[in-house]
Each structure stands twice: as structure tokens, then as C-alpha cells.
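The sequence shown begins at 103 in my numbering and counts up by one.
Heads up, the beta-carbon is just placed ideally off N, CA and C, and yes, glycines get one too.
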Amino acid sequence: KNESCRWLRAYGTFSHPNMLGGYLGVVLILGLGYLVQSALSIKKRLLFEGGSVVVLLGLILTFSRTAWLGIVFGIVLVGFCAWRENEFRIRRRFLEAGFVLGLTGLVFGFILQEQVFPRFDTATIGREGSVSARVISFQDTWTLIRQHPFIGTGTGNSTAQLMKENPNRPIWGIQPAHNVPLLIWSELGLIGLLLSVGFIVSLSFSKSTLFGPQFAGLIVLFPSLLSDHWLWTSHFGLLLFAFLLGYASRPPQGLESTSQESLSST
């Protein structure tokens, strides 16, 4: 929102702009990782880079701060993986793709500066009430955790329990915690939280996949895990998170050599 009008954030077919932003961020970073790690032909590289520009524009139009922060984490991780390979071709491809994305971000940011920069203004954040709403949800969740510390309230029952304990509060004032670990703790208890964290760690933090390019999709969603709840409360969020966990658990497939063989055969 600026001084003259209020802008509608892009959300596509999703129920919230942050969900679209998280999805586009995952698509952008996984595409970047594939572009950097694979020896594609010039036509395919141009196709990937052109698609990345379109995806980046959609990501900017969501005006999702968590998604923007997530792609910064993802780009840093992909760049780390590229430099770790110690091959000039992979580093060059990362620098080329990074230049295209950086230039695109600067151009779109300049064009949409009246909408982008207010997203970081403290007055705008206070007017939106996003921080205050999150603080209230954290307080409510801690209340549930103290009441049911070990077994929780049951999956999906946190808001129902809050409605019972706050019958006079407006329905729009009842929200799940905007923090997935806290939300899991309140619904599944400490036992469920430890099992969930252990399961995620066992899949993602193996020696073959940790800090690999396939891990970048999860890194993109890290800010959403800590400041939103759609990865736990929506069907799409659960499916996307499960897909990324499965993808991150796969060992590296040697994209460089495989792509080179396919190019030589054609």
C-alpha cells in the first residue's frame, strides 16, 4: 500500500501470496541448481534463463518477504556448491545465471520501487499488523504447550482448542502459530516434535546430500518454516515439503557427466 492506492499481492491459484512466493522460490532455485550443475546446450540454457526471469517476476509480485529471503539463502547455497566443485565451467555458469537474475531483480525492483520498498518500512509493517498477529499467535501457542507439553492437542486441533479457551474472541483472531516447529509441538507434543525433527534430519542431513544443490529447495523454505504455518496447515504445503524432503534425500546423480553424454549422443 502506498499513499494513493492499495496494491493486490499476487497469489495465483494459492490461498495466500506467501504460498505462491514459497513455491516460485523453490522452482527458481531448483532450476538455478540444475542450470549450474548441468552442461546444457545454448538453446536450453537460454530457455532456462528466460523462464527464470518470468518466475522471478512472479516472485517479486507476491511481495513476500519470507520468499525473498528464502531465495537469497538458496542462491548462496547454489553458489557455495558451484565453488566447491572447483571447476571453471560450473563457476562460470553460476556467475552468468546470477548476473541475469541480479540484473532482472534490479530492473523489476526499480520499476516496482513504490511497491517493493514499503514492504521493509516499519510504519507499513506496523499498519499491516503482521508482526503483532504473529506475537499473539506465539503467546496462544505457548499457552497450549504449557497445558499439553508431551502429547499435544492433536493434529489440526490447535485452533479448535484456542476457540474453546477464548470463546469471546472474534473468529479472525484465532490463528495457528506462524512457526512450524512451535505448531508441531502444540499439536503433537514434545514427543511428536522430536520424532518430526529426527525424521527430517535423517533424510536431509546425510553426508551425500548436506549442502548439495538438491538441498537448496529446503533452504528456500527455511524462513517460511519459522515465520508462517502453511507448510503444516495446508495440503499443498505438506505435499511440497514432503517432495523436497524426498528430493533432498537422493544422492547426487552426476548431472554434469550425464548431460555431456546426452549432448554427445545427439
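C-alpha of residue 340 to C-alpha of residue 280: approximately 15 Å in a straight line.
Between the C-alpha atoms of residue 232 and residue 277 there is a straight-line separation of about 12 Å. Proximity of the region 206-213 to the region 248-261 falls short of the contact definition, fewer than three beta-carbon pairs being nearer than 8 Å. Distance between residue 186 and residue 180, taken at the CA atoms: about 10 Å. Taking a cut-off of 8 Å on C-beta distances, the region 120-135 touches the region 333-353, as three or more cross pairs fall below it.
Excluding residues up to 5 positions away in sequence, 286 lie with their Cβ nearer than 6 Å to the Cβ of residue 298 in the same chain. Between residue 294 and residue 254 a beta carbon distance of about 6 Å is seen, short of the 8 Å cut, so the two are scored as contacting.
For residue 325, the enclosing alpha helix (DSSP H) stretches over residues 324-329. Residue environment: residue 262 is assigned as exposed (fewer than 16 neighbouring CB atoms within 10 Å of its CB, all protein chains considered). The DSSP-derived three-state label of residue 337 is helix. Residue 112 is a Cβ neighbour of residue 164, given a cutoff of 7 Å. When the beta-carbon positions are compared, residue 176 and residue 318 come within less than 7 Å of each other. DSSP places residue 216 in the helix class (H, G or I) of the three-state scheme.
The distance from the Cβ of residue 260 to that of residue 245 is about 10 Å, inconsistent with a contact at the 8 Å cut-off. The closest CA to that of residue 275, considering only 328, 265, 217, is found on 265. No Cβ-Cβ contact shorter than 7 Å links residue 158 with residue 325. Leaving aside the five residues that flank residue 218 on each side, the residues in its chain whose CB is nearer than 6 Å to its CB run, in chain order, 211. The beta carbon of residue 328 sits closer than 8 Å to those of 281, 282, 283, all from its chain and outside the five residues before and after it, given in chain order. The DSSP-derived three-state label of residue 187 is coil. Per the C-alpha coordinates, the member of 342, 346, 235, 154 positioned closest to residue 206 is 154. Counting along the chain, residue 120 sits inside the alpha helix (DSSP H) bounded by residues 119-139. In this structure, residue 199 and residue 137 form a Cβ contact; the two beta carbons are roughly 5 Å apart against a cut-off of 8 Å. Residue state for residue 242 is assigned as helix, using DSSP reduced to three classes. About 46 Å separates the beta carbon of residue 256 from that of residue 216, a gap too long to meet the 8 Å contact definition.
When DSSP states are grouped into helix, strand and coil, residue 113 belongs to the coil group. For residue 202, same chain residues with a beta-carbon under 8 Å away, outside a window of 5 residues either side, are 151, 154, 155 in chain order.
For residue 149, the uninterrupted alpha helix (DSSP H) segment begins and ends at 144-163.
Inclusion of residue 160 and residue 322 in the CB contact set at 7 Å is not warranted, their separation being larger than that value.
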